[in-house]
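Notes follow the structure.
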Amino acid sequence: MITRTEVDGVPALLAPTIGQSQAGLAFRVGFADEPLARRGITHLVEHLALFSTSGADYHYNGATGVEYTIFHMHGSEAELTEFFAEVCASLRDLPMQRLDIEKELLRAEANGRTRGPAEAMPLWRHGARDYGMTSYPEWGLPVVGADEVRAWVARYFTRDNAVLWVAGDRVPAGLRLDLPAGERRPAPARSSALPITPAWFPGSSGVLVWDADVPRAASSSVFAGVLDRVMMRELRRDGGFSYTAQAGYEPLGSDRALITAVADALPEKNGAMLGAFVDLLAALRVGRVDEADVAAVIKKQTEALRNAEEQGTRLPGQALNLLAGRAVRDVDEMIAETRAVTVAEVAEVAVAAVASGLLMTPRGDADWAGFTAAPEHSESAVAGTAYVSLNDPDARLIVGPDGISHVAADDRCITVRFADCVLVRVWPDGGRQFVGPDGITVWFEPTLYAGADGARAGLDASIPPAVRVDQPPRARIPEPAPRAEEARRSRDAARSWDRTAGLIGLIVLVPGTLIALLVAVGLGFTFSSDPADIGVTIGTMVLCVALAAAGVVAVRRSWRRFRV
Amino acid sequence: MLPAVSVRETVSLDQAAAYPEVIAVRECASARDWDGARRVLDTLPPVGRTMALRSGGEQPGSEDFLRERVERDPADSAAAAALAFRLIDIAWEIRSSYGAEHVSRQQFTDFHGWLRKAEVVLIDAVARNPRDPALWTARTVTARGLELGLAEVRRRYDKAAALDPHHLPAQNHMVQSLCPKWSGNWELLHPFCREAMLAAPPGAVQGALVADAHIEHWFDLPAGTDTAYLTSAAVRDEIHEAAERSVLHPGFGRDYGWVQAASTFAFVFSVLNDRRSAARVFTMLGDYATKIPWTYMGGDTAERIRTYRRRALSGGTR
Chain A
556 MITRTEVDGV PALLAPTIGQ SQAGLAFRVG FADEPLARRG ITHLVEHLAL FSTSGADYHY
616 NGATGVEYTI FHMHGSEAEL TEFFAEVCAS LRDLPMQRLD IEKELLRAEA NGRTRGPAEA
676 MPLWRHGARD YGMTSYPEWG LPVVGADEVR AWVARYFTRD NAVLWVAGDR VPAGLRLDLP
736 AGERRPAPAR SSALPITPAW FPGSSGVLVW DADVPRAASS SVFAGVLDRV MMRELRRDGG
796 FSYTAQAGYE PLGSDRALIT AVADALPEKN GAMLGAFVDL LAALRVGRVD EADVAAVIKK
856 QTEALRNAEE QGTRLPGQAL NLLAGRAVRD VDEMIAETRA VTVAEVAEVA VAAVASGLLM
916 TPRGDADWAG FTAAPEHSES AVAGTAYVSL NDPDARLIVG PDGISHVAAD DRCITVRFAD
976 CVLVRVWPDG GRQFVGPDGI TVWFEPTLYA GADGARAGLD ASIPPAVRVD QPPRARIPEP
1036 APRAEEARRS RDAARSWDRT AGLIGLIVLV PGTLIALLVA VGLGFTFSSD PADIGVTIGT
1096 MVLCVALAAA GVVAVRRSWR RFRV
Chain B
-2 MLPAVSVRET VSLDQAAAYP EVIAVRECAS ARDWDGARRV LDTLPPVGRT MALRSGGEQP
58 GSEDFLRERV ERDPADSAAA AALAFRLIDI AWEIRSSYGA EHVSRQQFTD FHGWLRKAEV
118 VLIDAVARNP RDPALWTART VTARGLELGL AEVRRRYDKA AALDPHHLPA QNHMVQSLCP
178 KWSGNWELLH PFCREAMLAA PPGAVQGALV ADAHIEHWFD LPAGTDTAYL TSAAVRDEIH
238 EAAERSVLHP GFGRDYGWVQ AASTFAFVFS VLNDRRSAAR VFTMLGDYAT KIPWTYMGGD
298 TAERIRTYRR RALSGGTR
């Protein structure tokens, strides 16, 4: 049973637990709130807020997610009280002297983190904004300053944008949450970078990832469970294509949820894995949903809810619900809702899920399966000065007053316009990385485009200061691929030698062949008149005919070389 | 002068000619009488049904009325299969049967476009009726043309085979996929055909798959070395073994696919100049013949068949 209360103006949920007492303080702020040029600022706040507690000998942690930032603690009442007092005090006065060190620690943390197979999905679905941020590294950190951190805290880390949960017998008597007043910050609207769904984009890891945007509902959660079972059966047990084959459900904002499916396969089985996945999705979409699967999933999910209630682990989710503007749900009510899910409802979710789907293929395209390629190019290039690529003479970079474009040999272009550019990373050597809101990235590398260095000053003047992120010097400055240039030069050299050899061959061989032929013909005429030397004559004649024949072959070869 | 035996001059290259039910379905389809077609189709064994659906889809213009049927009743997997076969036929007419190097970029684009239309129909149909081998057979063709990879072709073939272990139409398409000209190689093709033959009961049509594989292999070799391949003792023996297990087996009946099997052996015995064996198969065939593999000889197919048939039946021995 969850009871609702309040601590210093922060709404709080309390529920009994069979284990050690624990508590969490969550704020409605996460990656999705960060502009790309300040990506990492929330995580930085979390680190700074926990610094003062880092000497303490108790179980705590902080977590920054897409929509929420959470400070969490296991311990006695006294420990909980002390921990949250420290966190709130820190948030009021962050240890800014730690700013640079914590940035370094965050870089180290990012460096040690392994990228999940689904990491690229948010970028493709949303672009380089709001919910797409999850795909991006903490690229804003180098320029985040103390004042910006304070402003971020003042905006988001307030008692009006927070929730507390306590799993234990009661809220510890001395627990104080001394936070400034503010206002509730709803989760940002979700942008879309997909004009048409279902959509696909090519993966490179041999892993298939599919996600779908569905209503937040018990039926959606059951659908995810059914999908998980079907994938396990079709891709792993029966097909033998995949080792990993799973699907999960994750609430998003106040009323949506994201279903994500992941499957791996050996390279030679990728095509079959994709085919089998397309088929199992289609089967669910047309309503071929196995009743036994639905029953099994309902059983599993209701048991999980019951267990979570007993352990007190349902609390965090309910607390976040409160932050998202949803009601706190009673476990019996949720169980009843899950039990009431029908096969037809699951099939309905399947239709919506498939329609909204985004697929990362393990290999090749998915046009054949009714998916549309997600945009990889811009509709038009900017007007401006063109600089030819030193790697590909048919490709060019265009720098203009409105933005920057790269136009490939096939005329397909990518463009970032300064007006809505979300990030420019700037290196001292002249390299610039422009990122547009749709996630399109254009690199300005003066070493790779003829004469481009001259465009640098004008380009820098066009960069909106708010999105400029200066970088330390790079270890490696890109250079034109030597192979392209060398290959061209050696090809030219080979051609010119071939022509010379061919010409010499023709000059020498043509007269030689003619002489041999004349001698042979001449001997043929004198053949009968001089019978004494008949052996020598025939021998010479045969030799001359052979020479003439060889000459003809050689002349043809030389002619071909000359024509190259 | 020709010997006194009467040698027939008619060559019927209509795949369906020997199978009245297939003709009935085709006629219903061309009269847009789908209910009539279904009445016949629903009584047919799997291979006959797939052949009839394929044949029903051969009628130019039938795609519109078949699509209407599928839209009206998405659960009608027979209509979906016939529609898909029709769309596949349109695709291949555009592509032509020449080697990939002779097909233009635009032809490939259109070819893939029509195959995708077929595939979308098939994905939906299979989702509703996963136990229809005709659909899986059509999907082995789309997978090949759309170059989805051998693993996917194999998955689709396995689905068909799981429903009907000796589903000749699916086996024929698998043979094509296993050829190097698509996505396979000889090391995969020959064992596949041999295993399919051995898995089928003696006297079944599957022996022709072994001959098909050798014909494909022979056709792929450069002129000059090809005949040596076919006449080598090992290949000859395998072809004869396959013939003994199928067309020359006393139990060889008139199952669906028998004309194709006999035509294949008639062809290969003709190329081997084994007139006695060829005569036995030509006699069995009467007027019937199939274009494939005879088109591999080039020239006028019917004329080629007539020539070799005359030569075999004129009483000459090997």
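Protein chains in written order, with the numbering used here: chain A, 556 to 1119; chain B, -2 to 315. The beta carbon of each residue, even a glycine, is placed where N, CA and C say it ideally should be.
Would you call the region 926 to 939 of chain A and the region 799 to 810 of chain A in contact, with 3 or more CB pairs under 8 angstroms? no
Let me know the secondary structure DSSP gives T317/B once reduced to three states. This structure cannot settle anything about residue 317/B, because the visible part of chain B is limited to -2 through 315.
Just verifying my parser: in three-state terms, what is the DSSP assignment at H614/A? By 1-based counting over the first sequence, the position of residue 614/A is 59. Note: H614/A maps to strand in three-state DSSP.
Among G295/B, S260/B and P17/B, the one whose alpha carbon lies nearest that of V278/B: Taking the second sequence and counting its residues from 1, one reaches residue 278/B at position 281. Among G295/B, S260/B and P17/B, the Cα nearest to that of V278/B belongs to S260/B.
When we look at the beta-carbon of D848/A and count the other beta-carbons within 10 Å, is it buried (16 or more) or exposed? In the first sequence, the residue the question calls residue 848/A occupies position 293. Burial call: buried.
Strictly below 7 angstroms CB to CB, what residues from chain A border E184/B? As a first step, residue 184/B must be located in the second sequence, where it is residue number 187. Residues of chain A passing the Cβ test: none, with the nearest at roughly 15 angstroms.
Reduced DSSP secondary structure (H/G/I, E/B, other) of T689/A: If you number the first sequence from 1, residue 689/A lands on position 134. Three-state result, T689/A: helix.
Would a C-beta distance cut-off of 9 angstroms place F973/A and Q988/A closer than the cut-off? Here residue 973/A refers to the residue found at position 418 of the first sequence. Here residue 988/A refers to the residue found at position 433 of the first sequence. No, the Cβ-Cβ distance between F973/A and Q988/A is not below 9 angstroms.
For F108/B, the first and last residue of its enclosing alpha helix (DSSP H): In the second sequence, residue 108/B corresponds to position 111, counting from 1. Per DSSP, F108/B belongs to the alpha helix (DSSP H) from R102 to R125.
Three-state class that DSSP yields for A827/A in the structure shown: In the first sequence, counting from the first residue as 1, residue 827/A sits at position 272. Three-state DSSP puts A827/A in a helix.
Apply the 10 Å Cβ neighbour rule to L316/B and answer buried if 16 or more other Cβ atoms are within range, or exposed otherwise. Nothing can be reported for residue 316/B, as the shown portion of chain B is limited to -2 through 315.
Mind listing, in chain order, the continuous beta strand (DSSP E) runs of no fewer than 3 residues lying wholly within the region 999 to 1043 of chain A? 1023 to 1025
By the 10 Å Cβ neighbour count, where 16 or more other Cβ atoms means buried, how is E1034/A classified, buried or exposed? Counting from one through the first sequence, the residue named residue 1034/A turns up at place 479. Exposed, because fewer than 16 other Cβ atoms sit within 10 Å of the Cβ of E1034/A.
Between the Cα of L282/B and the Cα atoms of T292/B, A263/B, N270/B and Y253/B, which residue gives the shortest distance? Here residue 282/B refers to the residue found at position 285 when the second sequence is read from its first residue. Taking only the C-alpha atoms, the option nearest L282/B is A263/B.
Since R559/A is in the beta strand (DSSP E), which residue starts that stretch and which ends it? Within the first sequence, numbered from 1, the residue matching residue 559/A stands at position 4. Note, R559/A: beta strand (DSSP E), T558 to V562.
What residues in its chain sit with their C-beta under 6 angstroms from that of S267/B, if we drop five residues either side in the sequence? Along the second sequence, read from residue 1 onward, the residue named residue 267/B stands at position 270. If we look at S267/B and ignore the five residues flanking it on each side, its Cβ neighbours are A275 and Y305.
Give the secondary structure of A570/A by DSSP, where H, G and I count as helix, E and B as strand, and everything else as coil. As a working mapping, residue 570/A is identified with position 15 in the first sequence. Three-state DSSP puts A570/A in a strand.
Please classify K178/B as buried or exposed, where buried requires at least 16 neighbouring CB atoms within 10 angstroms. In the second sequence, residue 178/B corresponds to position 181, counting from 1. K178/B should be labelled exposed.
Please list the terminal residues of the continuous alpha helix (DSSP H) segment that includes I995/A. Locating residue 995/A in the first sequence gives position 440, counting from the first residue. It is not in any alpha helix (DSSP H) - I995/A carries neither H nor E in the DSSP assignment.
Please say whether K156/B and R136/B have beta carbons closer to each other than 9 angstroms? Position 139 of the second sequence, counted from the first residue, corresponds to residue 136/B. Position 159 of the second sequence, counted from the first residue, corresponds to residue 156/B. In contact: R136/B and K156/B (Cβ atoms closer than 9 angstroms).
Check whether the region 731 to 739 of chain A and the region 762 to 770 of chain A are in contact - that is, three or more C-beta pairs closer than 8 angstroms. no
For the structure I just gave you, are there three or more beta carbon pairs, one from the region 938 to 949 of chain A and one from the region 777 to 788 of chain A, closer than 8 angstroms? no
Would you call the CB atoms of W679/A and M915/A closer than 9 angstroms? Reading the first sequence from its first residue, position 124 is the one you call residue 679/A. Reading the first sequence from its first residue, position 360 is the one you call residue 915/A. Cβ distance < 9 angstroms, so W679/A and M915/A count as in contact.
Report yes or no: do three or more beta-carbon pairs, one from the region 562 to 578 of chain A and one from the region 853 to 869 of chain A, lie closer than 8 angstroms? yes
Can you pull the chain B residues whose beta carbon is under 9 angstroms from the beta carbon of E823/A, in chain order? Locating residue 823/A in the first sequence gives position 268, counting from the first residue. Ordered by position in chain B, the residues that pass the 9 angstroms Cβ test against E823/A are G146, L147 and A148.
With 16 as the cutoff for other CB atoms within 10 Å, does S645/A come out buried or exposed? For the purposes of this step, residue 645/A is taken as residue 90 along the first sequence, with counting starting at 1. Classification of S645/A: buried, given that the 10 Å Cβ count is 16 or more.
By how many angstroms is the C-alpha of A908/A removed from the C-alpha of A230/B? Taking the second sequence and counting its residues from 1, one reaches residue 230/B at position 233. Taking the first sequence and counting its residues from 1, one reaches residue 908/A at position 353. The alpha-carbon atoms of A230/B and A908/A are separated by roughly 60 angstroms.
Minimum Cβ-Cβ distance from W923/A to chain B less than 9 angstroms: For the purposes of this step, residue 923/A is taken as residue 368 along the first sequence, with counting starting at 1. Closer than 9 angstroms: yes.
Let me know the alpha helix (DSSP H) ranges lying completely inside the region 760 to 831 of chain A, each 4 residues or longer, listed in chain order. 773 to 786
7 angstroms CB neighbourhood of V906/A in its chain, flanking five on each side removed: Position 351 of the first sequence, counting from 1, holds the residue named residue 906/A. For V906/A, where only same-chain residues beyond five positions count, the Cβ hits under 7 angstroms are R840.
Could you check how far apart the C-beta atoms of V22/B and S59/B are, in whole angstroms? I think they sit under 8 angstroms. Indexing the second sequence from 1 puts residue 22/B at position 25. Indexing the second sequence from 1 puts residue 59/B at position 62. That belief does not hold up - the Cβ atoms of V22/B and S59/B are roughly 11 angstroms apart, past 8 angstroms.
Smallest Cα separation from V44/B: which of Q103/B, L147/B, L186/B and P130/B? Locating residue 44/B in the second sequence gives position 47, where the first residue counts as 1. Answer by Cα proximity: P130/B.
Reducing DSSP to helix, strand and coil, say where A263/B ends up. Translated into positions along the second sequence, residue 263/B becomes position 266. Helix.
Could you spell out where the beta strand (DSSP E) holding L913/A opens and where it closes? Along the first sequence, read from residue 1 onward, the residue named residue 913/A stands at position 358. Taken as a continuous stretch (DSSP letters only), the beta strand (DSSP E) holding L913/A covers L913 to T916.
Which of the residues in the region 112 to 126 of chain B, read from start to end, lie with their CB under 9 angstroms from any CB of chain A? L112, R113, E116, V117, I120, D121, V123, A124 and R125
Could you have a look at W755/A and say whether DSSP puts it in helix, strand or coil? Counted from its first residue, the first sequence places residue 755/A at position 200. If DSSP states are grouped into helix, strand and coil, W755/A belongs with the strands.
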